[in-house]
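Trainee:
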Amino acid sequence: MKINKLAYICFITILASFSIISCSKDKPVDIIPNELEGLKLATTIQNDDHKIEVYTASGKFQTGYNEIFFQIKDKSATLVNNATASWTPTMTMMSMSHSCPASEVTKKDGAQSTYTGYIIFQMASNDMEYWELSIDYTINGTGYSVKDKIQVDATAKRVSESFQGSDGKRYILALVEPSEPKVAVNDMTAALYQMESMMKFIPVENYKIIIDPRMPGMGNHGSPNNVNLTQASKGIYQGKLSLTMTGYWKINLQLADAEDNILKGEAVTAENESSSIYFEIEF
Amino acid sequence: MFRLFTALFSSGVYICNIQAQTDSMPENIDSLLSYQLEETIIIEKKSISDKTERPLATLDQYLEKSGAINMIRRGGYAWEPYINGMGTERSVITVDGMRIYGACTDKMDPVTSYVEITNLSKANIQHGQSGSTGGSTIAGTLDLTRKKSTYGTKSLSGTAFTGFETNNLQKIMGTGISFSHPKAFTDINFTYRDAENYKAGGKKEILYSQFTKYNMSAIAGYRISAHQELEVSLIYDHAKDVGYPALPMDVSTAKAFIGSVEYIQHHITDKLDRWETKIYYNDVTHIMDDTKRPVVPIRMDMPGWSKTAGFYSLLEGKKSRHFWKANLSGHHNQSLAEMTMFSNNPGEKDMFMLTWPGVHTNYADAFAEDIFKISDRLKLTFNAGLAVHNNIVKDEFGFNSLKIFYPDMQRSKTRFLKRLSTNLQYQKDNWYYTAGVAYGERAPGVSEGYGFYLFNSFDRFDYIGNPEMKNEKSVSATGSVMFYKGKFNTKLSGSYFYLLDYIIGRPDVSLSVMTIGASGVKIYEQVPYAHIVNTSLDINYELISNLTWTARLSYRNGNGSNIGNLPLTQPFSYNSGISYQNKICDIDISIQGAARHKKINPAFGESELAAYTILNVFLDRKFLLNDNTLRLRAGADNLLDKKYSTFADWNRIPRMGRNFYFNLIWSF
Numbered sequence: 001m002k003i004n005k006l007a008y009i010c011f012i013t014i015l016a017s018f019s020i021i022s023c024s025k026d027k028p029v030d031i032i033p034n035e036l037e038g039l040k041l042a043t044t045i046q047n048d049d050h051k052i053e054v055y056t057a058s059g060k061f062q063t064g065y066n067e068i069f070f071q072i073k074d075k076s077a078t079l080v081n082n083a084t085a086s087w088t089p090t091m092t093m094m095s096m097s098h099s100c101p102a103s104e105v106t107k108k109d110g111a112q113s114t115y116t117g118y119i120i121f122q123m124a125s126n127d128m129e130y131w132e133l134s135i136d137y138t139i140n141g142t143g144y145s146v147k148d149k150i151q152v153d154a155t156a157k158r159v160s161e162s163f164q165g166s167d168g169k170r171y172i173l174a175l176v177e178p179s180e181p182k183v184a185v186n187d188m189t190a191a192l193y194q195m196e197s198m199m200k201f202i203p204v205e206n207y208k209i210i211i212d213p214r215m216p217g218m219g220n221h222g223s224p225n226n227v228n229l230t231q232a233s234k235g236i237y238q239g240k241l242s243l244t245m246t247g248y249w250k251i252n253l254q255l256a257d258a259e260d261n262i263l264k265g266e267a268v269t270a271e272n273e274s275s276s277i278y279f280e281i282e283f
Numbered sequence: 284m285f286r287l288f289t290a291l292f293s294s295g296v297y298i299c300n301i302q303a304q305t306d307s308m309p310e311n312i313d314s315l316l317s318y319q320l321e322e323t324i325i326i327e328k329k330s331i332s333d334k335t336e337r338p339l340a341t342l343d344q345y346l347e348k349s350g351a352i353n354m355i356r357r358g359g360y361a362w363e364p365y366i367n368g369m370g371t372e373r374s375v376i377t378v379d380g381m382r383i384y385g386a387c388t389d390k391m392d393p394v395t396s397y398v399e400i401t402n403l404s405k406a407n408i409q410h411g412q413s414g415s416t417g418g419s420t421i422a423g424t425l426d427l428t429r430k431k432s433t434y435g436t437k438s439l440s441g442t443a444f445t446g447f448e449t450n451n452l453q454k455i456m457g458t459g460i461s462f463s464h465p466k467a468f469t470d471i472n473f474t475y476r477d478a479e480n481y482k483a484g485g486k487k488e489i490l491y492s493q494f495t496k497y498n499m500s501a502i503a504g505y506r507i508s509a510h511q512e513l514e515v516s517l518i519y520d521h522a523k524d525v526g527y528p529a530l531p532m533d534v535s536t537a538k539a540f541i542g543s544v545e546y547i548q549h550h551i552t553d554k555l556d557r558w559e560t561k562i563y564y565n566d567v568t569h570i571m572d573d574t575k576r577p578v579v580p581i582r583m584d585m586p587g588w589s590k591t592a593g594f595y596s597l598l599e600g601k602k603s604r605h606f607w608k609a610n611l612s613g614h615h616n617q618s619l620a621e622m623t624m625f626s627n628n629p630g631e632k633d634m635f636m637l638t639w640p641g642v643h644t645n646y647a648d649a650f651a652e653d654i655f656k657i658s659d660r661l662k663l664t665f666n667a668g669l670a671v672h673n674n675i676v677k678d679e680f681g682f683n684s685l686k687i688f689y690p691d692m693q694r695s696k697t698r699f700l701k702r703l704s705t706n707l708q709y710q711k712d713n714w715y716y717t718a719g720v721a722y723g724e725r726a727p728g729v730s731e732g733y734g735f736y737l738f739n740s741f742d743r744f745d746y747i748g749n750p751e752m753k754n755e756k757s758v759s760a761t762g763s764v765m766f767y768k769g770k771f772n773t774k775l776s777g778s779y780f781y782l783l784d785y786i787i788g789r790p791d792v793s794l795s796v797m798t799i800g801a802s803g804v805k806i807y808e809q810v811p812y813a814h815i816v817n818t819s820l821d822i823n824y825e826l827i828s829n830l831t832w833t834a835r836l837s838y839r840n841g842n843g844s845n846i847g848n849l850p851l852t853q854p855f856s857y858n859s860g861i862s863y864q865n866k867i868c869d870i871d872i873s874i875q876g877a878a879r880h881k882k883i884n885p886a887f888g889e890s891e892l893a894a895y896t897i898l899n900v901f902l903d904r905k906f907l908l909n910d911n912t913l914r915l916r917a918g919a920d921n922l923l924d925k926k927y928s929t930f931a932d933w934n935r936i937p938r939m940g941r942n943f944y945f946n947l948i949w950s951f
């Protein structure tokens, strides 16, 4: 009986010490999830009041669609979580300057102090021509602004198209998803903007993006059960893309307006192996 | 022709140095009846009078001699057995009851390609559902029986053999050692074959028809007690550099490891004769590539792997006039095949897909058979089986690939496969009759259910499997009449299969071909029905003492709703020969041929074929040297160097031209 009691006490003691250990272990873990998980710092832009750290998944800006995140830090390195912001990317060329399609800036879903949006760069920076990103933001009624040059690299594959449609308007079409293509039916997303002026790009509504994926390295064969892209939200179009194997795929595109008039791109046939507008995917 | 015939024959008889003695044929109703019911190809020769194929022929050539089997030929070696006019998806091929799945998506490695004649004593063929302990089938079963010694007086014996064939410069070498003991036995053998390209009639070299093959086999038995035995068996087969002239790719390596452990107990009680339980495992690796082909549209590798583990437990017994059998079996198979294409455009990534998307098959089977000996003349056989068949697509990559075609596809699919068969055997005077009816079901094969862009070089279509198919079903009737009297015996046999939900690839014009140069894409589908009729007539007549005339005529016909003639259906074929035999010598001259082949399926890429006849001759002579025997076989196949193709030649590749061969076997 005594032994039993002793064993019981020992057991309780061990249990208690375990719970203490686990409590102390729990403490250092940050309850706030890391809002920047999976992101890399692309650039830091600052003014006298704040430092703005800009992140992307790759840590770079590239031609085409870029999902961009940033955080605003004040002088004491405290994150600002009550700002409202907007941004303007500007390309300065030899004789002119222009902007590119850019979304509004919102808070990242579920985040306290991370802001996000997307920018579609239709060209890369080079020695003579450069992109600048300016962010205007308001904190507690006070307006601020930052601006700096950013480096935009050219992607190895074609992921955006800038063209004039048969209606005389200029469009920018960029591949958003799949960012990690698989041999499967992939969800495909693209962003479609119309260039209203050098500095103004507006999302296009109710158009249709016809897709025809092909493998030029393998007899230009296609794939079954693709679904053409239709509008899901402002300027964002969604469909389904079947990729039957890994390798280099050319996603031939045709842009149709709300009345199904083809504004740009040609059907792939035995005689015509590629449309004039396409995306490239290689995996 | 006739003069050549007589000249050859008479010179042969002269060499034979006549020692007249007629071998009397075995007279046993039971064995005759069982012979009628199932067909057996004797591979291991007990005596020189067992004349079939040349002793060192490949297993493919042996099986081709059977009336029930056609061998679909894609090259010099590894032919695909078609039982009753149906391919390997519709039959069950086992080695000593073991299930083995080939690892090639293009059927370049049927189970029969992983064994050698030196491993085997016989091949049992059963039609339709009759006696299908091996599992659910439509066409029938082919069980290859291992050769093994018996427990007996302590002795050691061996053979060494060598052979050479002039046409493809095939060199055959091997050896076997057998050890017998009252409590144990062991058989070990080794065979090596190496062949260059063969030449068709007219000396036309058929490129990429070479092969090299090693086979090692060991089997050992231990007698635990008078009625208990334990056996261990291993086969390791390794083929290298196997060319497939009918296909766009070859095989650099095909390897199989086949192993089993078996426990046998007999004379258990008065009513229980035998209990046999085996567990087995086999592992097949098949590396297909096109590195030997100088010009290809795109370079590709297509390796495949198949692993199977299984068991069976067979109980045999009797009760008064009933002889029964009950079998429980199960196996698990994993099949995976890849395709990697290397782009001609430098810097582009390789194109990769899974052509067999990691398909696991789980199979469990219960089977029972009762042979009711109603009288000495009348026997009734009844059997029934039920199997649970389950396929799971294990590989995530492969599952997502197939979902491109079948978005609602489930990962796992379970089926129940039923089979039933009854057979009546009756004997009166010199006449023997059998008649049977059967019902059977099968699940689609791995390629039919889950294949992903498998190119068929015959019809030049890419094939996509269909995981949503129903079971294929078969109602069949078989029958035979045999007349057996002394010097003359003849057998007429036939079978009819009515197949429901017949599985076949059908073109889908909406799909884009994957393979460069392919004509289109076919999806496996089911047509409401198909019919297959098989008939054959065998005649064996001893003209005068020691001189026997044999003939076989056979014919198949197959057609299906909306498909016309079934592909790869044998036209009217015949062979006939005269042989002179005595105890030490056998001389044989024979012709074999087929009528013009018109029952073709153009959608499968078939074209009409001309009729042909070829002439074969051989001389077999046994020399007795003390306790040793030396056997020499020399002969010529296609002596007149006829250029021809048969219905069974994939893409109509021509058959071998004149081939002189020499087989030398020394037994000690």
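Sequences listed follow chains A and B, in order.
Residue 130 in our numbering sits at position 130 of the first sequence, with consecutive numbering throughout.
Residue 514 in our numbering sits at position 231 of the second sequence, with consecutive numbering throughout.
Glycine included, every Cβ here is placed at the ideal spot set by N, Cα and C.
Source: prediction; values computed, not measured.
Taking the runs of the beta strand (DSSP E) that are 3 residues or longer, which of them lie wholly in the region 45–129 of chain A?
Mentor: 51–56, 64–73, 83–92 and 115–121, all fully within the region 45–129 of chain A.
Trainee: Would DSSP call Ile135/A helix, strand or coil?
Mentor: Here the question's residue 135/A lines up with position 135 in the first sequence. Residue state, collapsed to three classes: strand.
Trainee: Against chain B, with Cβ distances strictly below 8 Å, would Tyr65/A count as a contact?
Mentor: Numbered from its first residue, the first sequence carries residue 65/A at position 65. No, Tyr65/A does not count as interfacial toward chain B.
Trainee: Starting from the C-beta of His880/B, find all residues in its chain whose C-beta is less than 7 Å away, skip the five residues before and the five after it, and write them out in chain order.
Mentor: As a working note, residue 880/B is residue 597 in the second sequence. Only Pro854, Glu891, Leu892 and Phe930 meet the Cβ criterion.
Trainee: What did DSSP end up calling Gln151/A once you bin it into helix, strand or coil?
Mentor: For the purposes of this step, residue 151/A is taken as the residue at position 151 of the first sequence. The answer is coil: DSSP assigns Gln151/A none of H, G, I, E or B.
Trainee: Tell me Pro213/A's beta-bridge partners as DSSP assigns them.
Mentor: Reading the first sequence from its first residue, position 213 is the one you call residue 213/A. According to DSSP, which records beta bridges pairwise, Pro213/A is partnered with Ile251/A.
Trainee: Could you check what DSSP says for Asn934/B in three-state terms: helix, strand or coil?
Mentor: Within the second sequence, the letter at position 651 stands for residue 934/B. Three-state DSSP puts Asn934/B in a helix.
Trainee: Helix, strand or coil: which one does DSSP assign to Tyr733/B?
Mentor: Looking up residue 733/B in the second sequence gives position 450. Of the three classes helix, strand and coil, the one that applies to Tyr733/B here is helix, per DSSP.
Trainee: Going along the chain, which residues of its own chain have a beta-carbon closer than 6 Å to the beta-carbon of Pro790/B, five neighbours each way excluded?
Mentor: Residue numbering aside, residue 790/B sits at position 507 when the second sequence is read from its first letter. Here the set comprises Gly803 and Lys805.
Trainee: Glu104/A: which of Ile119/A, Gly110/A, Ser95/A and Thr92/A sits nearest, CA to CA?
Mentor: By 1-based counting over the first sequence, the position of residue 104/A is 104. Checking every option, the nearest Cα to that of Glu104/A belongs to Ile119/A.
Trainee: Enumerate in chain order the residues of its own chain whose CB-to-CB distance from Asn47/A is below 8 Å, with the five nearest sequence positions on each side excluded.
Mentor: On the first sequence, residue 47/A is found 47 positions in, with the first residue counted as 1. Here the set comprises Tyr144, Ser145 and Val146.
Trainee: Report the residues of the region 628–642 of chain B with a CB closer than 7 Å to any CB of chain A, ordered along the chain.
Mentor: Answer set for the region 628–642 of chain B: Asn628, Glu631, Lys632, Asp633, Met634, Phe635 and Met636.
Trainee: Leaving out the 5 sequence neighbours to the left and right, which residues in its chain are closer than 6 Å to Met624/B when beta-carbon positions are compared?
Mentor: Along the second sequence, read from residue 1 onward, the residue named residue 624/B stands at position 341. Contacts found: Ile581, Met583 and Met634.
Trainee: Are the region 691–711 of chain B and the region 657–670 of chain B in contact at 8 Å, needing three or more beta carbon pairs?
Mentor: In short, these stretches touch, since the Cβ pair count reaches three.
Trainee: So with CB distances below 8 Å, who are the chain A contacts of Ile766/B?
Mentor: Locating residue 766/B in the second sequence gives position 483, counting from the first residue. The amino acid occupying residue 766/B in the given sequence is Phe; Ile does not appear at that position. Per Cβ cutoff of 8 Å: no residues; Phe766/B is ~58 Å from chain A at best.
Trainee: Taking 8 Å as the threshold (C-beta atoms), are Tyr278/A and Leu241/A in contact?
Mentor: For the purposes of this step, residue 241/A is taken as the residue at position 241 of the first sequence. For the purposes of this step, residue 278/A is taken as the residue at position 278 of the first sequence. No, the Cβ-Cβ distance between Leu241/A and Tyr278/A is not below 8 Å.
Trainee: So which residues on chain A does Tyr736/B lean against when the C-beta distance must stay under 9 Å?
Mentor: Against the second sequence, residue 736/B aligns to sequence position 453. Under the 9 Å cutoff, chain A gives Thr244 and Met245.
Trainee: Could you work out which residues of chain B lie near Lys157/A, taking near to mean beta carbons separated by less than 8 Å?
Mentor: Within the first sequence, the letter at position 157 stands for residue 157/A. Correct list: empty, because the minimum Cβ distance to chain B is about 11 Å.
Trainee: If you follow the alpha helix (DSSP H) that Ser186/A is in, where does it begin and where does it stop?
Mentor: Taking the first residue of the first sequence as 1, we reach residue 186/A at position 186. Sequence check: residue 186/A is Asn here, not Ser. Careful: Asn186/A lies outside any alpha helix (DSSP H), inside the beta strand (DSSP E) at Ala184 to Ser197.
Trainee: Under DSSP, the alpha helix (DSSP H) around Leu346/B begins and ends at which residues?
Mentor: Residue 346/B sits at position 63 when you count from the first residue of the second sequence. Looking at the DSSP string, the run of the alpha helix (DSSP H) that includes Leu346/B is Leu342 to Glu347.
Trainee: Which residues in the same chain as Ser461/B place their Cβ atom closer than 6 Å to its Cβ, once the five residues preceding and following it in sequence are excluded?
Mentor: Here residue 461/B corresponds to residue number 178 of the second sequence, with the count starting at 1. Result list for Ser461/B: Ser432, Ser440 and Asp470, in chain order.
Trainee: Fully enclosed by the region 410–464 of chain B, which beta strand (DSSP E) runs are 3 residues long or longer?
Mentor: Those beta strand (DSSP E) runs which fall completely within the region 410–464 of chain B and span 3+ residues are 423–429, 438–448 and 453–464.
Trainee: Out of Ser500/B, Gly719/B and Val729/B, state which residue places its alpha-carbon closest to the alpha-carbon of Tyr746/B.
Mentor: Your numbering for residue 746/B matches position 463 in the second sequence. Closest option to Tyr746/B, Cα to Cα, is Val729/B.
Trainee: Please return the same chain residues whose Cβ sits closer than 6 Å to the Cβ of Tyr824/B, not counting the five positions on each side in sequence.
Mentor: For the purposes of this step, residue 824/B is taken as residue 541 along the second sequence, with counting starting at 1. Excluding positions up to five away in sequence, the list reads Phe771 and Trp832.
Trainee: What is the DSSP secondary structure of Phe887/B, reduced to helix, strand or coil?
Mentor: Translated into the one-based positions of the second sequence, residue 887/B becomes position 604. Note: Phe887/B maps to helix in three-state DSSP.
Trainee: What in chain B is Cβ-close to Pro224/A, meaning under 8 Å?
Mentor: In the first sequence, counting from the first residue as 1, residue 224/A sits at position 224. Ordered by position in chain B, the residues that pass the 8 Å Cβ test against Pro224/A are Ile687, Phe688, Ser793, Leu794 and Ser795.
Trainee: According to the neighbour-count rule (16 or more other Cβ atoms, all chains shown, within 10 Å of its Cβ), is Arg941/B buried or exposed?
Mentor: Stepping through the second sequence from its first residue, residue 941/B is reached at position 658. So Arg941/B counts as buried.
Trainee: Count Cβ pairs between the region 376–389 of chain B and the region 527–544 of chain B that sit closer than 8 Å; are there 3 or more?
Mentor: Yes: at least three Cβ pairs fall under 8 Å.
Trainee: Let me know the secondary structure DSSP gives Val394/B once reduced to three states.
Mentor: For the purposes of this step, residue 394/B is taken as residue 111 along the second sequence, with counting starting at 1. Helix, per DSSP.
Trainee: For the pair the region 549–562 of chain B and the region 520–532 of chain B, tell me if three or more CB-CB distances fall below 8 Å.
Mentor: No contact exists between the region 549–562 of chain B and the region 520–532 of chain B.
Trainee: Of all Cβ atoms in chain B, is any one closer than 8 Å to the Cβ of Pro28/A?
Mentor: If you number the first sequence from 1, residue 28/A lands on position 28. Low confidence applies here, because Pro28/A scores a pLDDT of 47, under 50, leaving its location unreliable and the question unanswered by this model.
Trainee: Suppose you measure from the CA of Thr43/A to the CA of Asp74/A; what does that come to, to the nearest Å?
Mentor: Within the first sequence, residue 43/A is the residue found at index 43, counting from 1. Within the first sequence, residue 74/A is the residue found at index 74, counting from 1. Cα to Cα, the separation comes out at about 16 Å.
Trainee: With the cut-off set at 8 Å, would you say Thr420/B and Asn407/B are in Cβ contact?
Mentor: Taking the first residue of the second sequence as 1, we reach residue 420/B at position 137. Taking the first residue of the second sequence as 1, we reach residue 407/B at position 124. Cβ distance not < 8 Å, so Thr420/B and Asn407/B don't count as in contact.
Trainee: Could you have a look at Glu180/A and say whether DSSP puts it in helix, strand or coil?
Mentor: Against the first sequence, residue 180/A aligns to sequence position 180. Correct three-state label for Glu180/A: coil.
Trainee: Please compile the residues from chain A whose C-beta is within a distance smaller than 9 Å of the C-beta of Ile806/B.
Mentor: Counted from its first residue, the second sequence places residue 806/B at position 523. Here the premise fails: no neighbours, minimum Cβ distance about 10 Å.
Trainee: Rounded to the nearest angstrom, what separates Ile948/B and Leu339/B at their Cα positions?
Mentor: On the second sequence, position 665 is the one that residue 948/B refers to. On the second sequence, position 56 is the one that residue 339/B refers to. Each residue's alpha carbon lies about 9 Å from the other.
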